[in-house]
Amino acid sequence: MQNGYLFTGNWVWTENGITQQGFITIKTDLNGNVQVSKQLYGHVGWSFITSGGDVTKTLDGNYLLVGTITHDYVSENEDLILIKYNEAGDTIWRNTIQKPTTVEQCFNVLATSDGGYIIAGRQRTFNQNGRFFVLKTDSLGNEEWSSQYHPLQHGAAFSIFETDTGYVVSGYVEYFQTDGDLFIMEIDKQGNVVWEKNYGGNESDSAGLLLKNNSNTCFIANTMQQNNVYRPWVALLNSIGDTIWSKTFNQEVGALQEAPLQPTPDGGFVCLYSYDTELGYRAPWLWRFTATGDTLWTRRIPGAPSNNNTYLKDIAPTHDGGWVLSGFNYSQQSSWVVKTDSLGHTCSFIGCDSTVVVEVLPGIP
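Numbering (the working numbering), first residue to last: 11 to 375.
Written as structure tokens, this is what we have:
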């Protein structure tokens with residue numbers, strides 16, 4: 011957006027003494043001040059799952075939200091809900107993909123070249139762990155096909171992009187209880203496997219996030235576990251998932267946050283890891299990489315509550331060359347928005363801890 015930012019997420023409110031839950035979209039100006047707040051959907055007795063959901067821009071310039079709903083607090087059934095809406099927060103259409111015997115969650119959604127949408131996530135029955143799952147819809151959110159991959163193993167799909175002939179998907183698959191591996195595959199337009207690769211050692215590694223680099227390569231980032239310590243790992247892969255180069259860094263980190271990788275003007279990318287605070291809580295850590303996988307800088311984002319876990323779910327470039335990040339603080343379930351400059355700084359003077367940049371003064375760190 012030229013004149014501000016658009017955020018979408020879960021919302022809990024009380025009306026006539028009754029707690030309700032739903033989705034909300036908020037438009038702010040460039041300084042983070044709320045201009046428009048509009049409920050997308052909500053209802054008494056509907057539970058909206060915070061651990062699954064994503065938004066993508068549609069081919070016609072609108073937006074699509076994919077979340078998870080359950081019809082009551084007793085049933086274990088949870089279904090995907092798709093809501094297409096415009097910049098003003100007006101709903102264009104809404105569709106629920108009902109699967110009465112399984113639970114679905116979305117971690118990444120992408121508008122596809124045929125006008126439809128592709129969803130990467132996980133699916134499970136009521137008595138099993140999640141499985142690596144992909145679902146394709148048409149332009150109105152009606153299911154065209156869906157598939158579990160490695161259905162005997164615990165797993166989930168977290169990232170997806172489109173190729174000329176299909177889709178490349180990444181996530182993790184857990185072959186043994188203590189050994190989860192980074193898993194990448196290419197599927198054709200109908201969901202059939204073209205190739206698949208595993209990366210990782212004998213310990214449990216995290217899921218990977220993808221960024222399409224050009225028609226033949228892509229970046230991927232995750233964390234690799236070595237001696238019970240998680241360390242950042244990034245790589246460049248060719249069109250069949252083979253490693254062109256990979257790098258592991260010595261810094262200890264927490265999980266790779268779910269926010270997508272974003273390209274930078276120099277051909278590199280930024281991604282979000284987390285670190286453990288002195289009190290043992292998770293806080294966000296922004297990393298910028300070059301096109302060859304070296305770090306230009308890393309920034310620990312200030313302002314996160316010291317007694318709470320903070321998770322960032324999205325990151326997007328801004329018109330001034332910086333970044334806007336959004337997520338939530340876990341225990342209060344309160345939303346959190348951060349604006350940085352192009353170097354990852356959130357402040358216009360030394361020692362500040364503001365989460366919104368009003369102005370970055372030239373020559374002052």
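C-beta: ideal position from N, C-alpha, C; glycine also.
The three-state secondary structure of residue 149, taken from DSSP, is coil. Scanning 338, 337, 333 for the CA closest to the CA of residue 351 turns up 333. Minimum Cα-Cα distance from residue 22 among the listed residues 97, 34, 299 corresponds to 34.
Take the alpha-carbon of residue 69 and the one of residue 201: they are about 22 angstroms apart. Note on residue 217: 16 or more other CB atoms within 10 angstroms of its CB, so buried under the neighbour-count rule. Non-local C-beta neighbours of residue 209 in its own chain, meaning closer than 7 angstroms and more than five positions away in sequence, comprise 191, 192, ordered along the chain. Along the length of the region 276 to 334, whole beta strand (DSSP E) runs at least 3 residues long occupy 279 to 286, 292 to 299, 305 to 310, 320 to 327, reported in chain order. Per DSSP, reduced to three states, the secondary structure at residue 202 is coil, with no helix or strand assignment. Rounded to whole angstroms, the separation of the alpha carbons of residue 207 and residue 133 is 21 angstroms. Within the region 243 to 280, complete beta strand (DSSP E) segments of at least 3 residues are found at 253 to 258, given in chain order.
Scanning its chain for C-beta atoms nearer than 7 angstroms, with the 5 sequence neighbours on each side dropped, one finds around residue 248 the residues 226, 227, 254, in chain order. 241 is the residue among 274, 251, 241 whose C-alpha sits nearest the C-alpha of residue 258.
Across the structure, residue 154 and residue 107 are spaced so that their CA atoms are roughly 11 angstroms apart. Under DSSP, residue 222 forms a beta bridge with 228. Of all alpha-carbon atoms in 194, 26, 335, 49, the one lying nearest the alpha-carbon of residue 281 is that of 335. Nearest in C-alpha terms to residue 121, of all of 66, 339, 301, is 66. Here the alpha carbons of residue 205 and residue 315 stand approximately 43 angstroms from one another. Under the 10 Å beta carbon count, residue 156 is surrounded by 16 or more other beta carbons and is classified as buried.
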